[in-house]
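Notes to accompany the following structure.
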Amino acid sequence: MKKTLIVTVLAGTFALAGCAGQQQAGGQKDFDDLVAKAEQEIKLAAKTGFLWTNTEKFLDEAKKAKAAGDMDKAMKLAKKALAEAQDAQKQAKSQANAKADFTLR
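Residue numbers for the sequence shown, in mature numbering (1 follows the signal peptide of the UniProt record, and there is no 0): -25 to -1, 1 to 80.
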């Protein structure tokens, strides 16, 4: 009875450890894909001249967080960098033909 219990507990432990490793590998790929997309969007935003000041800083901090093993923080910062780069491009489009309006109302 004890042997069966021990074997069952060990098997469950190894199964959970395997699933956790698989999740980290998937998280790693998701992070790498997100960073690649953010870097691409940052380049496009830089070409427009509207790249925001902290966008690259957020991406660098995301890479440092990943290196430190904090994947949640890394993903959050990478998503923030991506969103800022995309918003900078939207700003560039909206400001492309901006004109001053000096009419009195």
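Idealized CB from N, CA, C, for every residue including glycine.
These figures come from a predicted structure and were not determined experimentally.
Lys41 and Ala49 have their C-alpha atoms spaced approximately 5 angstroms apart. In this structure, Phe33 lies near Ala56, with their beta-carbon atoms less than 8 angstroms apart.
Boundaries of the alpha helix (DSSP H) harbouring Leu34: 30 to 42, taken from the DSSP string.
In this structure, the straight-line span from the alpha carbon of Gln70 to that of Leu52 is close to 27 angstroms. One alpha carbon belongs to Lys39, the other to Arg80, and they sit about 52 angstroms apart.
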